[in-house]
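Asks:
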Amino acid sequence: MKSIKQSFSVSYEYRLHFTAGLFSESNTLFKEILNEYKKNEKVKLFFVLDDGVLKHHPDLLENIANYCSINNAIIEYTNSVIVPGGEQSKNNSKYVDEIIRGIGANAICRHSFVIAIGGGAVIDMVGYAAAIAHRGVKLIRIPTTTLSQNDSAVGVKNSVNALGKKNFLGTFAPPYAIINDSEFLKTLEQRDWIAGIAEAVKVSLIKDETFFKYIEDNATKLEDRLSEPMEHVIFKCAEMHMEHIAKGGDPFESGSSRPLDFGHWAAHKLEQMTSYRLRHGEAVAKGIALDVTYAKHMNLISEDELSRILNTMQRIGFNLEIPVENEKETSTLLAGIEEFREHLGGELTITLISGIGKKYDVHHIDTAVMKQAIKALNEMCKLNAA
C-alpha cells in the first residue's frame, strides 16, 4: 500500500469599508477598491440588486451607471439583475440560476467582480451563486440593512435555503471587500432598523459586557433612530464578528461550537415556522430571549442579569414573545435543536451564557426546562404588555 500526504495553508484577507453616498460622483472609495485590485486596468462588473433597495432608492441604477461611465478607464459595467429582497430570494433556486446565467452571459471570470447590493438574504444568495460559478468569482458586498452591515455580510458564509431547511446549501467564501454605506440605513422600515441590533446584543452577551452596557444605556436612542449610537453599534459588532472569524480558531466551522449562533437554534426554526414572516433579526431576538431565560432556569445567570437583558431588548423595540400556541407547535420548535446539530454535525453544542459577556457551551438541552422557559418568557411578555 502506498500513500501520499500533503498539507498547505491559504491566507485570506478582506476589508470592511465605511462610507456614505458610495455612488456619488465625488466619492472615490469604490474606484479606489477596484484600482487597488488591478492598478490602472479595467475591471468588469456585474451588479445584483435587491428590489426593496431600489424601491427606496429609485435613482440607484442610474447613479451606478453614471459612476461607472465617469470612471470607465478602470470600470467596465456589464449588466444588472434585480432580485426580490428578503428570505424569498433564498427560497427559490431560480434566482441563483438567473445570477449564474448572468455571470456566463456577461463573461464574468475570476478576475471580474459580482457586486451584491441588498439585505442579508440577498447578500447570502448572491454570494452562493458567485462562489459556485467558475468555482468562485470575486464578490463585493454592499449591505443595506442594519443586520447585514453589522453581521451577516461581514462574515465568510454564503447560503440558500433548501429541503425546508435554512441555509442547507452554502459555501465558505470570503468576499473581496464589504462596503457599508450609511445612506441606505436612513430609508429602512423601523422593524428593519431594529432587527439588526439583535446581532449586536448577541455578540455583546457572549463576548463583551462593556459593549452590552453601551447598548443598554443607549437602547432608547437606538429605537429613536439616532445615527451616532447606531454607527457605533454597527462598527463594534462588525469588528467583533470579524475578529472572531480570524482569531476564534474555526473560521469555516469544522468543529461543533458556533458561538456566533447564540440564540439561533430557535431563531432558524421560528423563521421556518412563520414562513419567514419574521425577519431574521426579530427571530434572533426571540431566540436570545428564550436561551437567556433557559439559562436563568438552569441557574447559569441571575434574575437581575435576565431582567437587564430582556428589558434592554424590549426598550429597543423587540417583541420577545415565542409564537407557539399549543404543545404541537412547541414540539415543532424544540425539533429545531436537533436540526441545529445536524446542520453542523458532530456533538450538539448550544451556546448559552453564564453571565453577561461570558459564553457557556452546553451539550444537552433539558426540553422540559426549555418548555418552562418558553412559558415564563411569554408570561413576562404578556405582563409587560398589559
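Take any residue in the sequence shown, note its place counting from 1, add 9, and you have its number in our numbering. Where a beta carbon is used, it is the ideal one built from N, C-alpha and C, also for glycine.
Just to confirm the assignment: which complete beta strand (DSSP E) runs, minimum length 3, are found wholly within the segment 316–355?
Replies: Fully enclosed beta strand (DSSP E) runs of 3 or longer: not present.
Asks: Give me the residue from Glu-85, Val-62, Lys-391, Asn-36 with the minimum Cα distance to Asn-49.
Replies: Residue Glu-85 is the option with its Cα nearest to Asn-49.
Asks: Let's test the definition: count the other Cβ atoms within 10 Å of the Cβ of Cys-77 and tell me whether it reaches 16, buried, or not, exposed.
Replies: Its Cβ being crowded by 16 or more others within 10 Å, Cys-77 is buried.
Asks: I need the DSSP call for Arg-144, collapsed to helix, strand or coil.
Replies: Helix at Arg-144.
Asks: Below 8 Å on the Cβ atoms is my guess for Ala-294 versus Phe-244; work out the distance and round it to an integer in Å.
Replies: Rounded, the Cβ-Cβ distance is 20 Å, inconsistent with contact.
Asks: Going by C-alpha distance, which of His-120, Phe-271, Val-105 is nearest Ala-130?
Replies: Here the closest residue by C-alpha is Val-105.
Asks: Taking C-alpha atoms, which residue in Arg-324, Glu-334, Ile-346 lies nearest to Asp-300?
Replies: When each option's Cα is compared against that of Asp-300, the closest is Ile-346.
Asks: Which of helix, strand or coil does DSSP assign to Ile-297?
Replies: Helix, per DSSP.
Asks: Output the distance between the C-alpha atoms of Ile-383 and Leu-70, rounded to the nearest integer angstrom.
Replies: The straight-line gap from Cα to Cα measures roughly 46 Å.
Asks: Considering only residues of the same chain and omitting the five flanking positions on each side of Ile-390, which have a CB-CB separation below 8 Å?
Replies: Reading off the sequence, residue 390 comes out as Cys, not Ile. Cβ within range, chain order: Asn-328, Leu-329, Glu-330.
Asks: Pairing CB atoms from the segment 194–207 with CB atoms from the segment 154–170, are three or more of them under 8 Å?
Replies: Short answer: they touch.
Asks: For Ala-140, collect the residues of the same chain with a Cβ closer than 6 Å to its Cβ; drop the 5 residues on either side in sequence, then sort them by chain order.
Replies: Counting only Cβ-Cβ distances below 6 Å, and skipping sequence neighbours, we find Asn-167, Thr-180, Ala-182.
Asks: Cβ atoms of Ile-318 and Leu-231: under 9 Å apart, would you say?
Replies: No; because the gap between Cβ atoms is not below 9 Å, this pair is not in contact.
Asks: I need the straight-line Cα distance from Ala-385 to Glu-348, nearest angstrom please.
Replies: Rounded to the nearest angstrom, the two C-alpha atoms are 24 Å apart.
Asks: Under the DSSP definition of a beta bridge, which residues are partnered with His-26?
Replies: Answer by DSSP bridge pairing, in chain order: Ile-188.
Asks: DSSP state of Pro-268, grouped into three classes?
Replies: DSSP places Pro-268 in helix when its eight states are reduced to three.
Asks: Give every residue of the same chain whose Cβ lies closer than 7 Å to the Cβ of Cys-246, excluding the five residues on either side of it in the sequence, and list them in chain order.
Replies: Closer than 7 Å at Cβ, skipping near neighbours: Asn-159, Asp-160, Glu-208, Ala-209, Val-212.
Asks: Counting C-beta neighbours from all protein chains within 10 Å, is the total for Met-10 16 or more, i.e. buried, or is it exposed?
Replies: Looking at its Cβ environment, which holds fewer than 16 other Cβ atoms inside 10 Å, Met-10 is exposed.
Asks: Return the residue from the list Met-134, Val-123, Gly-128 that minimises the CA-CA distance to Asn-100.
Replies: For Asn-100, the nearest C-alpha among the options comes from Met-134.
Asks: Going by C-alpha to C-alpha distance, which of Ile-325, Ile-109, Phe-122 sits closest to Ile-224?
Replies: Here the closest residue by C-alpha is Ile-325.
Asks: What did DSSP end up calling Arg-150 once you bin it into helix, strand or coil?
Replies: Note: Arg-150 maps to strand in three-state DSSP.
Asks: From the DSSP output, in three-state form, read off Lys-211 for me.
Replies: Helix.
Asks: Applying the 10 Å Cβ sphere with the 16-neighbour rule, what's the burial state of His-120?
Replies: By the 10 Å Cβ count, His-120 comes out exposed.
Asks: Counting along the chain, where does the alpha helix (DSSP H) carrying Leu-69 start and finish?
Replies: 69–79 is the span of the alpha helix (DSSP H), which, as asked, contains Leu-69.
Asks: Tell me whether the segment 309–316 and the segment 356–368 touch, counting them as touching only if at least three CB pairs, one residue from each stretch, are closer than 8 Å.
Replies: The segment 309–316, when compared against the segment 356–368, does touch it at the 8 Å Cβ threshold.
Asks: For the alpha helix (DSSP H) that contains Ala-182, what are its first and last residues?
Replies: Element bounds for Ala-182: n/a, residue is neither H nor E.
Asks: Just to check my reading of the structure: Val-52 and Leu-43 have Cβ atoms closer than 8 Å, yes? What is that Cβ distance to the nearest angstrom?
Replies: With 8 Å as the limit, Val-52 and Leu-43 qualify as a contact, their Cβ atoms being about 5 Å apart.
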